[in-house]
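For reference, the structure is listed below as structure tokens.
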Amino acid sequence: SLFQLPQSELDNIDPNHKRFRVENGESLAEKDEVFGSPSTPILENPEHQTRWYFKYFLGKLHQNYVGIDAEKCPYFLSVVSQDSGHQAAPMYRAILFRKQKIALPYNGNQKLTVKQILAHFSGIDATSTKNPKEIFAADIQKDLLLLEEQEGSVNFKFGVVYMKPGQRCDDEMLSNEEASQDFEDFLDVLGERVRLRGWDRFRGGLDVKGDMTGKYSVYTLYEGHEIMFHVSTLLPFSKDNRQQVERKRHIGNDIVNIIFIDQSVAPAPAHTFLPTMFDPTWIKSQFTHIFAVVTKAKQTYRLAIFCDENVPPFGPTLPNPPEFNDVNMFREFLLVKLINAEKATFQTPIFSQKRERTLEMLIKDLHEDYIGDNKMVCVLCVCMYVCMYVYTCVCMCVLQNVSA
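Residue numbers for the sequence shown follow my numbering, so the first one is 7 and each next one is one higher.
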């Protein structure tokens with residue numbers, strides 16, 4: 007259900023439009039596929055599969071090491087022993103934190119051997135008497151959790167823009183002071199309205215002390231993920247600022263935006279193709295990569311997704327037609343789609359390069375902090391690498407996602 011916008015629709019608009027693709031369940035009809043329900047909403051790369059240090063190491067007896075590899079780049083290594091079950095040899099889990107991932111070949115019919123896994127750690131000199139060194143400082147666990155969080159977001163902030171039919175630029179959309187009841191009902195679907203002053207949970211960059219970013223916002227919790235919505239009509243409005251900089255400062259810096267097109271003002275003909283009602287180039291942002299376009303007709307919500315072409319595909323797939331009559335089903339589908347969209351965006355070049363630079367800086371800073379710490383006195387013995395039976399979950403966090 008993914009396709010590029012027709013060239014005829016692109017000839018007279020900004021060339022940047024070509025970097026977007028559209029997902030809309032109706033496009034399935036062009037392939038003579040049957041009408042059907044949406045795919046099951048499943049969170050991709052869930053937290054329990056990516057936060058290995060948090061899940062398997064934190065709070066357990068384990069060893070953390072710091073060292074320099076053959077390319078003079080610092081790294082951190084964590085090793086934990088676990089129940090070997092019926093295995094004669096002990097079993098270990100290991101996480102290697104580096105600025106670049108290590109890709110391991112994958113064959114579904116043949117498991118990797120310990121020797122094959124260790125071969126990918128050849129840059130680490132386990133025989134050196136100086137490298138790596140064990141870290142005994144208590145703060146290392148907190149610092150490694152920070153490194154692991156570079157894998158992606160645990161909590162999310164999404165923009166929500168109220169758009170009236172006929173509006174063709176973000177200045178117009180963000181200048182809407184009041185919204186319709188349909189939009190207010192949609193906000194109720196997304197989450198609960200919360201008072202920002204004194205708010206003590208995830209705030210998504212909003213001010214919770216002096217009402218500088220509005221008095222209220224919309225918040226929800228889904229599968230352990232806190233979500234704060236930057237709602238255009240709830241952010242501060244300025245009559246003297248045509249560009250509505252205060253609103254744009256938050257919404258324009260969100261990876262994912264929801265565009266709610268109000269059809270109660272000027273209803274579109276039945277079964278109007280959603281992508282013809284919105285153009286992503288109307289929103290001037292270099293940061294936003296995903297637009298979820300929503301409309302409501304009576305009690306039915308319709309959805310289309312505009313996606314930067316560099317973002318890898320993500321689920322769940324839209325139904326054909328892309329309509330939802332069950333509010334609870336729509337809510338779950340939309341939240342999962344938005345969360346998966348942001349996670350997928352982290353794989354694009356602009357974000358992966360930024361993440362690698364951030365990770366490199368964090369690892370270097372931590373290396374400088376710990377390499378001079380007199381609490382580090384133990385040398386990692388070669389036998390620990392060669393003789394132990396390493397459990398095959400070698401995680402690279404963003405660190406080091408073991409890619410298949």
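Glycine included, C-beta positions come from ideal geometry on N, C-alpha and C.
Every value quoted in this text rests on a predicted model; they were computed, and no experiment measured them.
With DSSP collapsed to three states, give me the class of residue i.
i	result
Val388	Bear in mind that a pLDDT of 34 at Val388, under 50, signals an unreliable position, so the number given afterwards is only what the model happens to contain. In the structure shown, Val388 sits in a helix (DSSP, three-state: H, G or I).
Val342	helix
Ala410	Reliability fails at Ala410, whose pLDDT of 37 lies under 50, so the model's placement of it is uncertain and the value that follows must be treated cautiously. It is coil, neither helix nor strand.
Phe357	helix
Gln156	helix
Gly31	helix
Pro414	Coverage of the chain is limited to positions 7 through 410, which leaves residue 414 absent and any answer about it impossible.
Leu227	strand
Val167	strand
Lys78	coil
Lys370	helix
Asp20	Bear in mind that a pLDDT of 49 at Asp20, under 50, signals an unreliable position, so the model cannot answer this.
Phe336	helix
Ile257	helix
Phe330	strand
Asp314	strand
Val262	strand
Gln106	coil
Phe293	coil
Thr26	According to the sequence displayed, residue 26 carries Phe and not Thr. In the structure shown, Phe26 sits in a strand (DSSP, three-state: E or B).
Ala350	helix
Leu193	helix
Ile48	coil
Asp188	helix
Leu180	coil
Leu365	helix
Lys61	helix
Val40	The pLDDT assigned to Val40 is 42, lower than 50, so where the model puts this residue is not dependable; a value taken from the coordinates is nonetheless given after this. In the structure shown, Val40 sits in coil (DSSP, three-state: anything other than H, G, I, E or B).
May I have the straight-line CA-CA distance separating residue i from residue j, to the nearest angstrom?
i	j	result
Lys78	Phe63	27 Å
Asp194	Lys117	48 Å
Ala303	Asp268	9 Å
Ser186	Ser270	8 Å
Phe142	Leu368	19 Å
Asn182	Thr56	40 Å
Pro47	Pro286	25 Å
Val200	Gln250	23 Å
Lys215	Trp205	8 Å
Gln106	Ser291	28 Å
Asn161	Arg104	24 Å
Glu252	Thr219	8 Å
Phe26	Asn316	8 Å
Asn51	Leu202	31 Å
Trp288	Arg363	31 Å
Gly172	Leu180	14 Å
Ser238	Val167	5 Å
Arg174	Phe336	27 Å
Pro319	Asp75	35 Å
Leu372	Leu344	33 Å
Phe192	Leu152	35 Å
Arg99	Glu190	49 Å
Lys370	Gly258	31 Å
Tyr307	Lys349	24 Å
Ser159	Pro80	24 Å
Arg361	Leu150	16 Å
Val333	Gln88	45 Å
Phe284	Phe339	21 Å
Can the beta-carbon of residue i be found less than 8 Å from the beta-carbon of residue j?
i	j	result
Pro138	Leu102	no
Ile261	Phe293	yes
Thr282	Asp314	no
His256	His236	yes
Met169	Phe243	no
Leu341	Tyr228	yes
Thr323	Ser45	yes
Gln69	Glu178	no
Ile264	Val300	yes
Met97	Lys163	no
Gln305	Asn326	no
Val86	Lys66	yes
Ala310	Pro328	yes
In this structure, what does DSSP give as the bridge partners for residue i?
i	result
Arg201	Tyr222
Cys175	Bridge partners of Cys175: none, in fact.
Asp149	According to DSSP, Asp149 bridges with nothing at all.
Glu140	Tyr71
Leu309	Val300
His236	Gly165
Ile267	Met169, Thr301
Cys115	Correcting the residue identity first, residue 115 is Asn in this sequence and not Cys. DSSP, once it has assigned bridges, lists no residue as partnering Asn115.
Taking 7 Å as the cut-off, is the beta-carbon of residue i closer than that to any non-hydrogen atom of the ligand SAM?
i	result
Gln173	The ligand SAM is absent from the structure shown, which contains no ligands of any kind.
Flag residue i as yes if its beta-carbon sits less than 8 Å from any beta-carbon of chain C, otherwise no.
i	result
Lys302	Absence of chain C from the displayed structure is noted, only one protein chain being present.
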